[in-house]
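2 protein chains.
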Amino acid sequence: MTLHIIGLGLWNQKDISVRGLEIVRSCDAVYLEEYTSLLACSHSELEEFYGKEIILADRAHSEQKVNEIINLAKEKDVAFLVIGDPVSATTHMEIVRSCMEKKVSVSIVHNASIFSAIGITGLQPYKFGKTISIPFLERVPNLETPYHMIKQNLSIGTHTLCLLDIMVDNVAAETGGKVADDAQNTKFMTVPEGLAVLEDIESRLKEGVIKEDTFVVGVARLGHDDFVVKAGKLSVVKEFDFGGPLHSLVIPGKLHFSEEEMLQLWSDQK
Amino acid sequence: MTLHIIGLGLWNQKDISVRGLEIVRSCDAVYLEEYTSLLACSHSELEEFYGKEIILADRAHSEQKVNEIINLAKEKDVAFLVIGDPVSATTHMEIVRSCMEKKVSVSIVHNASIFSAIGITGLQPYKFGKTISIPFLERVPNLETPYHMIKQNLSIGTHTLCLLDIMVDNVAAETGGKVADDAQNTKFMTVPEGLAVLEDIESRLKEGVIKEDTFVVGVARLGHDDFVVKAGKLSVVKEFDFGGPLHSLVIPGKLHFSEEEMLQLWSDQK
Chain A
24 MTLHIIGLGL WNQKDISVRG LEIVRSCDAV YLEEYTSLLA CSHSELEEFY GKEIILADRA
84 HSEQKVNEII NLAKEKDVAF LVIGDPVSAT THMEIVRSCM EKKVSVSIVH NASIFSAIGI
144 TGLQPYKFGK TISIPFLERV PNLETPYHMI KQNLSIGTHT LCLLDIMVDN VAAETGGKVA
204 DDAQNTKFMT VPEGLAVLED IESRLKEGVI KEDTFVVGVA RLGHDDFVVK AGKLSVVKEF
264 DFGGPLHSLV IPGKLHFSEE EMLQLWSDQK
Chain B
24 MTLHIIGLGL WNQKDISVRG LEIVRSCDAV YLEEYTSLLA CSHSELEEFY GKEIILADRA
84 HSEQKVNEII NLAKEKDVAF LVIGDPVSAT THMEIVRSCM EKKVSVSIVH NASIFSAIGI
144 TGLQPYKFGK TISIPFLERV PNLETPYHMI KQNLSIGTHT LCLLDIMVDN VAAETGGKVA
204 DDAQNTKFMT VPEGLAVLED IESRLKEGVI KEDTFVVGVA RLGHDDFVVK AGKLSVVKEF
264 DFGGPLHSLV IPGKLHFSEE EMLQLWSDQK
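Top to bottom, those sequences are chains A and B.
Numbering of the first sequence is given in this note's numbering, commencing with residue 24 and proceeding in unit increments.
Numbering of the second sequence is given in this note's numbering, commencing with residue 24 and proceeding in unit increments.
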């Protein structure tokens with residue numbers, strides 16, 4: 024009787040590991056948390072491929088559902104599916120901690136996450152500093168924190184990975200739609216929107232961290248077959264069409280020549 | 024005709040993704056790079072599970088082999104298997120860049136890597152700074168860099184992930200042994216050995232970064248079923264038996280209370 028927290032990776036139903044798939048198929052109940060990211064497949068495609076009914080544990084009911092799931096795992100084998108690597112999000116580690124405290128057996132199946140996948144840019148994962156989240160300004164009009172953290176990272180030469188906001192339509196979440204429906208009711212910040220937020224903070228703080236010619240790297244749909252990386256001056260990247268979600272942004276720190284060589288190739292991206 | 028660079032994750036043959044396995048089975052040739060990490064399965068177990076002959080591209084022949092593999096991928100579908108996530112290591116990104124420059128089709132299948140799996144400690148992956156490598160002192164007797172980088176990370180409150188040295192026996196590598204044989208001829212730095220290196224630097228620089236009561240977190244075999252996390256004062260963690268490789272170390276920066284709560288659980292680890 025174990026709660027198996029299983030990472031699904033970054034693209035679609037086939038990114039689960041062979042081990043993860045075996046466990047899902049052997050479990051008595053399968054839950055999917057779907058509110059902080061996005062797979063390129065529908066709820067029913069997941070169910071069909073995994074051969075299991077999958078219960079959505081959406082945002083509105085999350086804490087309650089989590090307790091329910093942990094209690095269930097005392098008596099049955101339960102799979103809890105999360106996008107990316109389960110241990111990269113604080114909320115999932117809270118579940119692990121809760122299981123450990125309640126002496127409920129818990130196991131993790133790791134998978135790809137943006138923390139290493141960002142390496143596709145050529146920027147070396149071991150040279151990143153603090154990762155920041157950029158929220159829509161309508162949520163935090165006087166936002167400053169991401170700007171200060173970029174400045175801190177730059178002070179020791181590290182790159183800054185910026186995770187861009189996802190705004191879930193509360194009505195959709197509360198009625199518990201399917202994955203595909205949820206996505207339609209969700210607003211994903213684009214790379215140009217993320218840059219505009221940073222420029223807005225710059226216009227207020229005027230410390231020269233974010234300028235028209237600041238070198239930035241935008242990425243979209245990392246881990247998918249149609250992923251995009253575009254590197255260049257902020258003024259250029261801001262005009263680039265990255266296509267559908269998810270988008271993320273990197274403000275590079277000090278570059279090694281091998282990083283520069285790779286970014287040069289991504290600068291030529293049309 | 025594509026070079027598929029496929030991540031194998033962190034534990035054994037079953038950590039490959041379903042997509043990755045499908046690609047491996049469809050390829051004309053399959054190579055495995057095995058020199059910077061370690062899977063808990065043998066070469067023949069990999070071959071049996073994947074249903075393919077797997078050619079070892081070991082360290083001594085790496086650059087030559089890489090050119091050979093890229094050339095082969097102009098005419099055939101080739102899989103190049105790497106432990107962890109392919110894009111987390113500079114050497115693999117060099118292969119991607121080389122393919123892009125030579126107009127050879129290249130695709131990546133991401134997988135778990137230590138950059139997110141380290142989240143199992145409860146330390147949040149987005150609060151890590153620069154990742155450092157700690158070499159055996161016999162290679163770099165006057166070593167200082169890791170110490171300075173820990174200090175830099177601490178100056179902005181970020182955690183430091185320390186990757187511990189792997190010393191490959193050159194004779195074994197040159198004769199091209201099997202995975203299991205290589206492992207026997209390879210020396211893996213343990214957590215206590217890594218701490219001893221940091222203490223050695225402290226004894227020379229005396230800047231008070233590493234002390235007997237510095238709070239540290241040691242991990243072993245992340246992603247395996249018998250992974251270990253032990254948190255506590257350096258003097259305690261130094262005496263802990265972590266078992267077999269791979270080991271890694273974290274010097275935490277400023278802790279959030281949710282990080283403290285989780286680390287408390289790992290402090291109780293016997």
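All residues carry an ideal CB built from backbone N, CA and C; glycine is no exception.
Please read all numbers here as calculations on a predicted model, not as lab measurements.
Identify the continuous alpha helix (DSSP H) that holds residue 170/A and give its terminal residues.
The residue given as residue 170/A occupies position 147 in the first sequence. Following the DSSP letters along the chain, one finds residue 170/A inside the alpha helix (DSSP H) bounded by residues 168 to 178.
So, using beta-carbon positions, are residue 40/B and residue 40/A closer together than 7 Å?
Within the second sequence, numbered from 1, the residue matching residue 40/B stands at position 17. Within the first sequence, numbered from 1, the residue matching residue 40/A stands at position 17. Contact: yes.
Within chain A, partners of residue 55/B - CB distance below 7 Å:
For the purposes of this step, residue 55/B is identified with residue 32 of the second sequence, where counting begins at 1. The premise fails here: residue 55/B is roughly 17 Å from chain A at the closest Cβ pair, so nothing lies under 7 Å.
Short-range partners of chain A found in the stretch 134 to 150 of chain B, where Cβ spacing is below 7 Å:
134, 135, 136, 138, 139, 140, 142, 143, 145, 147, 148, 149, 150
Fully enclosed by the stretch 204 to 235 of chain A, which beta strand (DSSP E) runs are 3 residues long or longer?
Counting whole runs of 3 or more residues, the stretch 204 to 235 of chain A contains the beta strand (DSSP E) stretches 209 to 211.
Between 162/A, 93/A, 62/A, 182/A, which has its C-alpha nearest residue 243/A's C-alpha?
Mapped onto the first sequence, residue 243/A falls at position 220. Relative to the Cα of residue 243/A, the nearest Cα in the group 162/A, 93/A, 62/A, 182/A belongs to 62/A.
Considering only the alpha carbon of each residue, which of 117/B, 145/B, 119/B, 139/B lies closest to residue 121/A?
Residue numbering aside, residue 121/A sits at position 98 when the first sequence is read from its first letter. Out of 117/B, 145/B, 119/B, 139/B, 145/B has the C-alpha closest to the C-alpha of residue 121/A.
Below 8 Å, can you find three or more Cβ-Cβ pairs linking the stretch 126 to 133 of chain B to the stretch 255 to 264 of chain B?
no
Over the uninterrupted beta strand (DSSP E) stretch that includes residue 112/A, give me the two end residues.
Start at 1 with the first residue of the first sequence, and residue 112/A comes out as number 89. Counting along the chain, residue 112/A falls outside any beta strand (DSSP E), and DSSP gives it neither H nor E.
Spatial distance of residue 221/B from residue 148/A (CA atoms):
As a position in the second sequence, residue 221/B is number 198, starting the count at 1. As a position in the first sequence, residue 148/A is number 125, starting the count at 1. So the alpha carbons of these two residues sit roughly 23 Å apart.
7 Å Cβ shell around residue 282/A - same chain, five flanking residues per side excluded
Position 259 of the first sequence, counting from 1, holds the residue named residue 282/A. Within the same chain, residue 282/A has close Cβ partners 145, 146, 147.
What residues are listed by DSSP as bridge partners for residue 32/A?
Translated into positions along the first sequence, residue 32/A becomes position 9. The partner list for residue 32/A (beta bridge, DSSP) reads 107/A.
Starting from the beta carbon of residue 40/A, find every residue of chain B whose beta carbon is closer than 7 Å, and list them in chain order.
By one-based count along the first sequence, residue 40/A stands at place 17. Within chain B, the residues near residue 40/A are 32, 37, 38, 39, 40.
Does the beta carbon of residue 255/A sit closer than 7 Å to a beta carbon anywhere in chain B?
Numbered from 1 along the first sequence, position 232 holds the residue referred to as residue 255/A. Taking Cβ atoms only, chain B never reaches closer than 7 Å to residue 255/A, which makes this a no.
Check whether chain B comes within 7 Å of residue 286/A, counting only Cβ atoms and requiring the distance to be less than that.
Position 263 of the first sequence, counting from 1, holds the residue named residue 286/A. No, its Cβ sits nowhere closer than 7 Å to a Cβ of chain B.
Is residue 103/B closer than 7 Å to residue 46/B when the C-beta atoms are compared?
Taking the first residue of the second sequence as position 1, residue 46/B is located at position 23. Taking the first residue of the second sequence as position 1, residue 103/B is located at position 80. For residue 46/B and residue 103/B, no; Cβs fall outside 7 Å.
For residue 286/B and residue 218/B, which I take to be in contact (beta-carbon distance under 8 Å), what is that distance rounded to the nearest angstrom?
Counted from its first residue, the second sequence places residue 286/B at position 263. Counted from its first residue, the second sequence places residue 218/B at position 195. Actually they do not touch by this definition, with Cβ atoms about 17 Å apart.
Could you tell me whether the Cβ atoms of residue 156/A and residue 136/A are closer together than 7 Å?
Sequence index remark: in the first sequence, residue 156/A carries index 133 (1-based). Sequence index remark: in the first sequence, residue 136/A carries index 113 (1-based). For residue 156/A and residue 136/A, no; Cβs fall outside 7 Å.
Quick one, which of 184/B, 107/B, 226/B, 274/B has its alpha-carbon nearest residue 57/B's?
For the purposes of this step, residue 57/B is taken as the residue at position 34 of the second sequence. If we check each option's Cα against that of residue 57/B, 107/B comes out closest.
Can you give me, in chain order, the residues of the stretch 111 to 134 of chain B that have a beta carbon less than 9 Å from any beta carbon in chain A?
111, 112, 113, 115, 116, 117, 119, 120, 123, 124, 130, 131, 132, 133, 134
May I ask you to report which of helix, strand or coil DSSP gives residue 119/A?
Residue 119/A sits at position 96 when you count from the first residue of the first sequence. It is helical.
Interface residues of chain A around residue 166/B at Cβ under 8 Å?
Taking the first residue of the second sequence as 1, we reach residue 166/B at position 143. Under the 8 Å cutoff, chain A gives no residues; its nearest Cβ is about 17 Å from residue 166/B.
I need the DSSP call for residue 137/B, collapsed to helix, strand or coil.
Counted from its first residue, the second sequence places residue 137/B at position 114. Three-state result, residue 137/B: helix.
N- and C-terminal bounds of the alpha helix (DSSP H) containing residue 46/A
Counted from its first residue, the first sequence places residue 46/A at position 23. It spans 41 to 49 - the alpha helix (DSSP H) in which residue 46/A sits, taken as one unbroken run.
Could you confirm whether any beta carbon from chain B is found closer than 7 Å to the beta carbon of residue 44/A?
Reading the first sequence from its first residue, position 21 is the one you call residue 44/A. Interface residue, yes.
Taking C-beta to C-beta, are residue 189/B and residue 211/B nearer than 7 Å?
The residue labelled residue 189/B in the question sits at position 166 within the second sequence. The residue labelled residue 211/B in the question sits at position 188 within the second sequence. A contact, by the Cβ cut-off of 7 Å.
Would residue 255/A be called buried (16 or more neighbouring beta carbons within 10 Å of its own) or exposed?
Counting from 1 along the first sequence, the entry for residue 255/A is found at position 232. Looking at its Cβ environment, which holds 16 or more other Cβ atoms inside 10 Å, residue 255/A is buried.
Strand pairing of residue 152/B, partner residues [DSSP]
By 1-based counting over the second sequence, the position of residue 152/B is 129. None, per the DSSP bridge assignment.
Taking a contact to mean a Cβ-Cβ separation below 7 Å, would you say residue 114/B touches residue 152/B in this structure?
Within the second sequence, numbered from 1, the residue matching residue 114/B stands at position 91. Within the second sequence, numbered from 1, the residue matching residue 152/B stands at position 129. Result no, Cβ atoms of residue 114/B and residue 152/B do not sit closer than 7 Å.
Can a CB atom of chain B be found closer than 7 Å to the CB of residue 189/A?
Here residue 189/A refers to the residue found at position 166 of the first sequence. For residue 189/A, the answer is no, since every Cβ of chain B falls outside 7 Å of its Cβ.
How many angstroms separate the CA atom of residue 31/B from the CA atom of residue 165/A?
Here residue 31/B refers to the residue found at position 8 of the second sequence. Here residue 165/A refers to the residue found at position 142 of the first sequence. Those two C-alpha atoms are separated by around 44 Å.
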